[in-house]
Amino acid sequence: MGLQLGSTNLPPMADINIDVDVTTAISTSNTGNGNSTMKFPRAVELLVLTFNCAKNVIDVPVFGAHLRGALAQDGRRPLPDLVVMSLQEIAPLSYSFLGEWFLGPYYTAFGDALNLAVKENQGEVGGRYTLVKAKNVGMTALLIFALHPERLDVNGMEEAEVGFGAADMGNKGAVGVRVCYSPSKSSPSSSSQGQQSTELTFVATHLAAMEWNLKKRNANWRAIVSKLTFANPLSVLPGVFPAKEPKAHHDRSGPGKHSPPPLVARTGSMDSSEEEDAPLLSPPSTFPITTEDDSTPTLTPSQKRQLQDISIFKPSSHLFVAGDLNYRISSTTPPPGSSFPSFDPSSEHHYSTFFSRDQLTEERLAGRTFHGMEEAEVGFGPTYKYDVLSGPTGAENEEAVRRGSMVDGVKEVPWKFAGHRWPAWTDRVLYSAAAGEGEMETVRYGSLPVVESSDHRAVFWRGRVPLSARGQGKEGIEDGEEGEGKKKLPVDIDVYSWERRQKARRREVVVGLLALVWSTKEGAVFLGTVAVVGMGWWWWFARGVMV
2 MGLQLGSTNL PPMADINIDV DVTTAISTSN TGNGNSTMKF PRAVELLVLT
52 FNCAKNVIDV PVFGAHLRGA LAQDGRRPLP DLVVMSLQEI APLSYSFLGE
102 WFLGPYYTAF GDALNLAVKE NQGEVGGRYT LVKAKNVGMT ALLIFALHPE
152 RLDVNGMEEA EVGFGAADMG NKGAVGVRVC YSPSKSSPSS SSQGQQSTEL
202 TFVATHLAAM EWNLKKRNAN WRAIVSKLTF ANPLSVLPGV FPAKEPKAHH
252 DRSGPGKHSP PPLVARTGSM DSSEEEDAPL LSPPSTFPIT TEDDSTPTLT
302 PSQKRQLQDI SIFKPSSHLF VAGDLNYRIS STTPPPGSSF PSFDPSSEHH
352 YSTFFSRDQL TEERLAGRTF HGMEEAEVGF GPTYKYDVLS GPTGAENEEA
402 VRRGSMVDGV KEVPWKFAGH RWPAWTDRVL YSAAAGEGEM ETVRYGSLPV
452 VESSDHRAVF WRGRVPLSAR GQGKEGIEDG EEGEGKKKLP VDIDVYSWER
502 RQKARRREVV VGLLALVWST KEGAVFLGTV AVVGMGWWWW FARGVMV
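Numbered according to our numbering, the sequence shown spans residues 2 to 548.
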């Protein structure tokens, strides 16, 4: 498979791409005139999971065992219609930057674990999930599995990506996929009039690390809102903006001042260059956007709406954002002797007493990040940072490990919190319902047990998403419908983000190739082959000269 700019759909994987339709989601009943009518479910059963893989392939039997309870809630609920996985640090940088061919084994492992969990839950009659979409930006990937793929408009899926690592590359970034789901057996793309069809937007992301990078994490969120678009803004509004990005004036206003930002479309409630501490719900900034030709256009309401519809904040779409968001409980590292959260309910240091310091909750409620997003009640312990130990000595769960305790049918892993990081709830799932479509129903919001391959615990949201009452979800909402303000853009759309992302993708390929050569087994084989061929050529040439 040749290298491509940006990741696309994977080719079908034989061990994942199998669908056996055994779970009935549509029932038939007789009406008074003897005709049968179709009754569709009123909600989509959904599981969203986020996991930082630490660049390792998961242990399929172990991860599958832990997934089992999250899937069907001990048999109390039907299997999810969709399972969406947000995966960070899914593979080493070289593989991630070079794209899907190298990531195939990592994707396959998650598909195998998911279907193993189904089999252990419901036996051979439980059905299988199909991987319908896999997309990555650098080391962050988004996988979408469907129990009934025919209910998704696979060909109509939209995708987006943004990198906010060095030089806009994807060592940190976000990837988005927008899908249209219908409960009927026919494809949503051929929906009949009146049939329910619901649009769902999923975003997987990995934000800036380290305790002191709170403002950078908020800036990463603003980058997602302004740059993660499902179509090129220049193509959506042709001729409205200059074809090439205007150069900004150099900042000559003195130290401590902001430099003028790149040209953006004024669609949100404030500029994308707003002060780091400014709430996202503030009025438009008075800081001017100036370019050398002063060509910032004034958009009509219709044009603003067109740009919003390609953003993650499309009013007619449900939105889920999941990932290693990296928000901590302190802006500094823990001093020696600090008391860490405990999982002992009787302890004065029980983890519930630490959650009041959670940065994400504070910043979200203050309107500085994740505008318009909601989160279910967090009742699980910190998900980072775990040191996995080789034996029970010194482990927080030493007694349980010595007893040989089992978790989901596998041996409990000995662990302790890393002493140089505050334990924190870095891994989260947030959501926002489509405007005017009712509320999400949370069945469970929890975490999976510690596994040996990562210093994070996986987090999952299991719930029900209301089906659209408007018919085809892609038709959107009429101009003027605000949906109680939940779907207003908090920052402006960066109309040149696609061009910058294409340049960054080319840099990723170069960096990935260099890393592949110098830091992997494949690279070592390549270098060894070159060395052997070179020495052979030198020997042959030298022998010819001597003769």
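Even glycine gets a Cβ: it sits at the ideal position worked out from N, Cα and C.
- Segment contact: the segment 201 to 217 against the segment 442 to 460, fewer than three CB-CB distances shorter than 8 Å; contact not assigned.
- Beta bridge pairing from DSSP links residue 137 with 142.
- The continuous alpha helix (DSSP H) containing residue 98 extends over residues 94 to 99.
- Residue 85 sits in a strand when the DSSP states are folded into three classes.
- Contact between residue 138 and residue 174 holds, with the beta-carbon distance rounding to 4 Å and staying under 8 Å.
- C-alpha of residue 106 to C-alpha of residue 58: approximately 8 Å in a straight line.
- Fully contained in the segment 333 to 385 are the following alpha helix (DSSP H) runs of length 4 or more, in chain order: 360 to 366.
- Here DSSP, grouped into helix, strand and coil, assigns residue 225 to helix.
- Minimum Cα-Cα distance from residue 248 among the listed residues 51, 423, 497 corresponds to 497.
- Of 384, 319, 166, 112, the smallest CA-CA separation from residue 53 is found for 384.
- Around the Cβ of residue 404, a 10 Å sphere holds fewer than 16 other Cβ atoms; the residue is exposed.
- The alpha-carbon separation between residue 510 and residue 91 amounts to approximately 17 Å.
- DSSP lists 417 as the beta-bridge partner residues of residue 388.
- Within its own chain, the residues whose Cβ lies closer than 6 Å to the Cβ of residue 390, once the five positions on either side in sequence are excluded, are 396, 415, listed in chain order.
- Annotated three-state conformation of residue 132 is strand, per DSSP.
- Counting the other CB atoms within 10 Å of its CB gives residue 202 a total of 16 or more, which places it among the buried residues.
- Cβ contact annotation for residue 376 (same chain, cutoff 7 Å, sequence separation greater than five): 429, 431, in chain order.
- By the Cβ-count criterion, residue 200 is buried, with 16 or more other Cβ atoms from all chains shown falling within 10 Å of its own Cβ.
- Contact check between the segment 335 to 343 and the segment 298 to 318: fewer than three CB pairs, one atom from each, fall below 8 Å, which does not count as touching.
- Here residue 350 is exposed. Its C-beta has fewer than 16 other C-beta atoms within 10 Å.
- Here the alpha carbons of residue 316 and residue 436 stand approximately 5 Å from one another.
- Cβ neighbours of residue 69 within its own chain (closer than 7 Å, five residues either side excluded): 118, 121, 122, 409.
- The beta-carbon distance between residue 114 and residue 61, rounded to whole angstroms, is 5 Å. This is short enough to meet the 8 Å contact definition.
- The bridge partners DSSP lists for residue 53 are 89.
- Going by beta carbons, residue 516 and residue 95 fall inside the 8 Å limit.
- Just measuring C-alpha positions, the residue of 157, 508, 495 sitting nearest residue 245 is 495.
- The Cβ atoms of residue 492 and residue 463 do not sit closer than 8 Å to each other.
- Assigned with DSSP and collapsed to three states, residue 177 falls in strand.
- Exposure of residue 358 is indicated by the presence of fewer than 16 other C-beta atoms within 10 angstroms of its C-beta.
- Annotation: the continuous alpha helix (DSSP H) that includes residue 403 extends over 399 to 404.
- Nearest C-alpha to residue 456 among 423, 304, 506: 423.
- By the CB criterion at 8 Å, residue 182 and residue 153 fall inside the cutoff.
- With contacts defined by Cβ atoms closer than 8 Å, residue 48 and residue 148 do not form a contacting pair.
- By DSSP's assignment, residue 323 forms a beta bridge with 205, 430.
- Distances from the alpha-carbon of residue 141 to those of 82, 425, 55, 198 put 55 closest.
- Counting along the chain, residue 463 sits inside the beta strand (DSSP E) bounded by residues 460 to 467.
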